[in-house]
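These notes are about the structure you will find just below.
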Amino acid sequence: MTFNKFSLVRASTLEALRLHCQSLIPQMTPDVSKYAPGRYRLWLFHEALLSQNRIISAHFDQRLWDFCQRIYPGSNIALLTFGGEAQGINSKGTIALHRDDTYAIERACGVNLGTATFAYNTERKSSNPNASTIKKLQLNDGDIYSFNCKHQHGVVEHSAERFSLNIWTVRKNLDKYPDFAFLPNNSPVTQIIL
Ligand SMILES: O=C(O)CCC(=O)C(=O)O
Ligand SMILES: [Fe+2]
Numbered sequence: 001m002t003f004n005k006f007s008l009v010r011a012s013t014l015e016a017l018r019l020h021c022q023s024l025i026p027q028m029t030p031d032v033s034k035y036a037p038g039r040y041r042l043w044l045f046h047e048a049l050l051s052q053n054r055i056i057s058a059h060f061d062q063r064l065w066d067f068c069q070r071i072y073p074g075s076n077i078a079l080l081t082f083g084g085e086a087q088g089i090n091s092k093g094t095i096a097l098h099r100d101d102t103y104a105i106e107r108a109c110g111v112n113l114g115t116a117t118f119a120y121n122t123e124r125k126s127s128n129p130n131a132s133t134i135k136k137l138q139l140n141d142g143d144i145y146s147f148n149c150k151h152q153h154g155v156v157e158h159s160a161e162r163f164s165l166n167i168w169t170v171r172k173n174l175d176k177y178p179d180f181a182f183l184p185n186n187s188p189v190t191q192i193i194l
């Protein structure tokens with residue numbers, strides 16, 4: 001599995017999706033990830049509380065849920081991030097090279113609104129930030145892509161007012177990671193993944 005642009009948001013959907021993402025900016029909060037200082041983001045469907053080894057329910061949005069299911073059937077956790085200045089926030093949308101956490105299976109998908117330069121290490125084991133296997137990929141408005149989130153990846157630069165929607169699937173065999181537990185609640189999403 002490598003980085004693969006496999007689809008494009010339909011032109012007729014693109015502006016509606018951007019408006020919808022803009023409407024969620026007031027619900028965004030500053031990231032706690034050390035890789036993305038200054039980034040505002042909103043967890044969708046579930047939130048991985050990495051420091052507490054827990055996955056809890058998060059903002060549920062039927063429209064984005066349906067959209068994510070079409071892109072990545074079976075996915076159940078997503079992160080909407082913003083880079084730019086809008087509605088009183090100034091958010092840095094870049095993120096340093098990293099691997100996504102244990103809770104997620106390898107396949108991740110992304111939707112890019114705006115433009116960005118995505119860095120992706122085609123070599124899984126490599127952790128050298130200067131490795132020749134780190135490819136710089138241009139993301140265009142509406143690009144939909146998949147990649148192996150256990151390979152180092154990051155966002156080097158982006159246009160003003162860029163959104164990214166990252167979509168993951170929580171591992172089924174979380175018993176391999178005994179510290180992880182779903183908090184009981186009645187959200188339909190949690191029922192699906194339980
Ligand atoms: O902004 C992006 O496109 C990538 C974000 C990312 O890799 C992450 O939040 O884990
Ligand atoms: Fe990531």
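Each residue of the sequence shown is one higher than the one before, starting from 1 at the first, in UniProt numbering. From the three backbone atoms N, C-alpha and C, an ideal C-beta is built for every residue, glycine too.
| query | result |
| --- | --- |
| 4 or more residues per run - each alpha helix (DSSP H) lying fully within the UniProt domain "Fe2OG dioxygenase" (24-171) | 62-71 |
| D143 Cβ short of 6 Å to ligand 2 heavy atom set | no |
| For K5 and N140, the rounded distance between their alpha carbons | 10 Å |
| Any residue whose CB is nearer than 6 Å to a heavy atom belonging to ligand 2, listed in chain order | H98, D100, C149, H153 |
| Cβ shell of D31 (< 6 Å), same chain only, five flanking positions each side left out | R39, R41 |
| Terminal residues of the beta strand (DSSP E) in which F6 lies | 4-8 |
| Status (buried if at least 16 other CB within 10 Å, exposed otherwise) for D66 | exposed |
| C-beta contact flag for G114 and S159 at 7 Å | yes |
| beta-carbon T81 near ligand 1 non-hydrogen atom, thresh 6 Å | yes |
| With 16 other Cβ atoms within 10 Å as the buried cut-off, status of Q62 | exposed |
| Separation of E15 from residue 265, as counted between CA atoms | In the structure as shown, the chain starts at 1 and stops at 194, and residue 265 therefore has no counterpart that could be examined. |
| Closer than 6 Å: S164 CB and nearest ligand 1 heavy atom | yes |
| G114 Cβ short of 6 Å to ligand 1 heavy atom set | no |
| At least three beta-carbon pairs within less than 8 Å, the stretch 124-136 to the stretch 146-156 | yes |
| A48 versus L80: straight-line alpha-carbon distance, rounded | 13 Å |
| Other residues of its chain near Y72: CB distance less than 6 Å, five sequence neighbours each side excluded | C109, I167 |
| Reference residue 211; option with closest CA among K34, I25, P37 | Residue 211 lies beyond the stretch modelled for the chain, which goes from 1 to 194, so this question has no answer here. |
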